[in-house]
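**Student:** Residue numbering for the sequence shown follows our numbering, beginning at 9 and increasing consecutively. Built from N, CA and C at the ideal position, the CB exists for glycine as well. Pasting a structure below so you can have a look.
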Amino acid sequence: MSHYSQHLADDTLAIFIFHGVIPEQRHRVRNYTRKHLESSAFAGVLDDLRANGHPVSMNDVIESSHGPASLPPRAFAVTFDDGFRNNLTVAAPMLHERRIPAAFYVTSGWVEQNTIGWIDQIEQAFEAVHTVCLQSSFETLNRAASTPEEKHALLTDIRAAVKFQTAIDPYDFAREVMTTLKYEPSPDPFLDQKMTWSEVAELAADPSHVVGGHGHTHRILAGLSDDELAGELDQCLSLLSRATGKSARHFSYPDGFAGCYSPPVIDALQRRGVECAPTAESGVNAPGADLFRLKRIFVV
Numbered sequence: 009m010s011h012y013s014q015h016l017a018d019d020t021l022a023i024f025i026f027h028g029v030i031p032e033q034r035h036r037v038r039n040y041t042r043k044h045l046e047s048s049a050f051a052g053v054l055d056d057l058r059a060n061g062h063p064v065s066m067n068d069v070i071e072s073s074h075g076p077a078s079l080p081p082r083a084f085a086v087t088f089d090d091g092f093r094n095n096l097t098v099a100a101p102m103l104h105e106r107r108i109p110a111a112f113y114v115t116s117g118w119v120e121q122n123t124i125g126w127i128d129q130i131e132q133a134f135e136a137v138h139t140v141c142l143q144s145s146f147e148t149l150n151r152a153a154s155t156p157e158e159k160h161a162l163l164t165d166i167r168a169a170v171k172f173q174t175a176i177d178p179y180d181f182a183r184e185v186m187t188t189l190k191y192e193p194s195p196d197p198f199l200d201q202k203m204t205w206s207e208v209a210e211l212a213a214d215p216s217h218v219v220g221g222h223g224h225t226h227r228i229l230a231g232l233s234d235d236e237l238a239g240e241l242d243q244c245l246s247l248l249s250r251a252t253g254k255s256a257r258h259f260s261y262p263d264g265f266a267g268c269y270s271p272p273v274i275d276a277l278q279r280r281g282v283e284c285a286p287t288a289e290s291g292v293n294a295p296g297a298d299l300f301r302l303k304r305i306f307v308v
């Protein structure tokens with residue numbers, strides 16, 4: 009495990025991005041990207057950061073940009089994307105024990121329906137099916153994979169080919185794969201299960217937690233029409249406000265890399281009262297950094 013405290017400095021803010029925390033890694037194919045950290049590894053990251061830096065909340069980040077208060081030296085913030093239930097059941101107690109605040113960005117439609125992400129569906133099928141023979145609309149992806157290493161390589165190629173193709177619905181692609189493999193996905197309690205709205209409210213009730221939006225269906229916002237963007241944001245923010253009893257000041261862009269957000273997306277968020285939206289672009293943040301273009305560092 010890397011020492012993530014190497015990213016801390018006296019005059020910058022480091023924001024770390026997590027997705028989930030699980031008791032242990034039980035699969036050979038699923039979670040090969042370490043989207044969900046084992047709890048022992050998560051503890052190591054937190055202890056390293058706590059020993060070498062000063063934890064701040066994303067509310068602190070907003071306040072420091074609006075007034076004379078500045079962030080402490082070697083400041084860092086912890087954030088989670090998507091809304092996995094293990095954020096509440098596994099990660100939150102570990103954060104509380106170490107007095108580290110955190111922000112949780114929730115994909116509202118996934119909470120509503122306990123949706124399995126499109127690539128998670130495919131990972132699950134690849135884990136279950138002994139030999140995958142992919143037959144899809146992407147000819148470059150159509151090959152067999154049997155070993156975990158072959159399946160990892162094919163999954164990586166699928167991510168690269170499908171993820172940022174705004175003309176393609178990734179869930180349609182996942183259904184195509186499920187049909188080919190004759191597999192029906194079901195939520196894994198640790199890797200797929202999302203929080204319920206009552207659990208989101210429980211998370212938000214802790215004063216050390218910030219809960220924000222992460223889209224309604226996790227679509228890449230910059231590729232949407234004006235009407236689609238409005239629907240994606242309005243559904244997400246209204247459901248979030250209803251669950252928490254608070255206006256949503258915080259948001260993170262689904263996927264969040266360059267090209268996933270844009271000036272019109274930022275304008276739409278600002279018009280809806282959002283004050284801060286970090287990206288998933290890698291890096292640290294200098295004082296006065298644009299709150300809608302903050303960089304984050306993936307922890308894997």
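In angstroms with no decimal places, state the Cα-to-Cα distance between residue 205 and residue 120.
**Tutor:** 8 Å
**Student:** So, under 8 Å CB-CB, residue 63 and residue 84 are touching, yes? Tell me the CB distance rounded to an integer number of Å.
**Tutor:** Indeed, because the Cβ distance is near 6 Å, the residues count as touching under 8 Å.
**Student:** Which first and last residues belong to the beta strand (DSSP E) in which residue 21 is found?
**Tutor:** 21 to 26
**Student:** Under the three-state reduction of DSSP, which class applies to residue 87: helix, strand or coil?
**Tutor:** strand
**Student:** Contact between the stretch 103 to 120 and the stretch 86 to 94: three or more CB pairs below 8 Å?
**Tutor:** yes
**Student:** Consult DSSP for residue 113 and reduce its assignment to one of helix, strand or coil.
**Tutor:** strand
**Student:** So what does residue 45 bridge to, in DSSP terms?
**Tutor:** 29
**Student:** Below 8 Å on the Cβ atoms is my contact criterion, and I expect residue 266 with residue 289 to pass it. Report the Cβ-Cβ distance as a whole number of Å.
**Tutor:** 6 Å
**Student:** So which of 229, 250 and 244 has the shortest CA-CA distance to residue 274?
**Tutor:** 229
**Student:** Could you give the DSSP three-state label for residue 264: helix, strand or coil?
**Tutor:** Residue 264: coil per DSSP, three-state reduction.
**Student:** Hey, how far is the Cα of residue 32 from the Cα of residue 56?
**Tutor:** Rounded to the nearest angstrom, the two C-alpha atoms are 20 Å apart.
**Student:** State the DSSP-derived secondary structure class of residue 256, mapped to helix, strand or coil.
**Tutor:** coil
**Student:** Does the distance from the C-beta atom of residue 22 to that of residue 11 stay below 8 Å?
**Tutor:** no
**Student:** Between the beta-carbon of residue 140 and the beta-carbon of residue 189, is there less than 8 Å?
**Tutor:** Their beta carbons are under 8 Å apart, which means residue 140 touches residue 189 by this criterion.
**Student:** Taking residue 181 as the reference, give the member of 129, 78 and 212 with the closest Cα.
**Tutor:** Closest by alpha carbon: 129.
**Student:** Using a Cβ-Cβ cutoff of less than 6 Å, which residues in the same chain neighbour residue 146 once the five nearest sequence positions on both sides are dropped?
**Tutor:** 169
**Student:** To the nearest whole angstrom, what separates the beta carbons of residue 203 and residue 91, a pair I think is in contact under 8 Å?
**Tutor:** 5 Å
**Student:** Take residue 308 as the anchor and find which of 17, 179, 26 and 113 has the nearest alpha-carbon.
**Tutor:** 26
**Student:** Put residue 304 into one of helix, strand or coil per three-state DSSP.
**Tutor:** strand
**Student:** Excluding the 5 residues flanking residue 80 on each side, which residues of the same chain have their C-beta closer than 6 Å to its C-beta?
**Tutor:** 62
**Student:** Which same chain residues end up closer than 7 Å to residue 39 when comparing Cβ atoms and leaving out the 5 residues on each side of it in sequence?
**Tutor:** 33 and 199
**Student:** In whole angstroms, give me the CA-to-CA distance for residue 24 and residue 152.
**Tutor:** 36 Å
**Student:** With 16 as the cutoff for other CB atoms within 10 Å, does residue 74 come out buried or exposed?
**Tutor:** It counts as exposed.
**Student:** Hey, residue 66 and residue 218 are a contact pair by Cβ (cut 8 Å); roughly how many whole angstroms apart?
**Tutor:** Correct: roughly 5 Å between the Cβ atoms.
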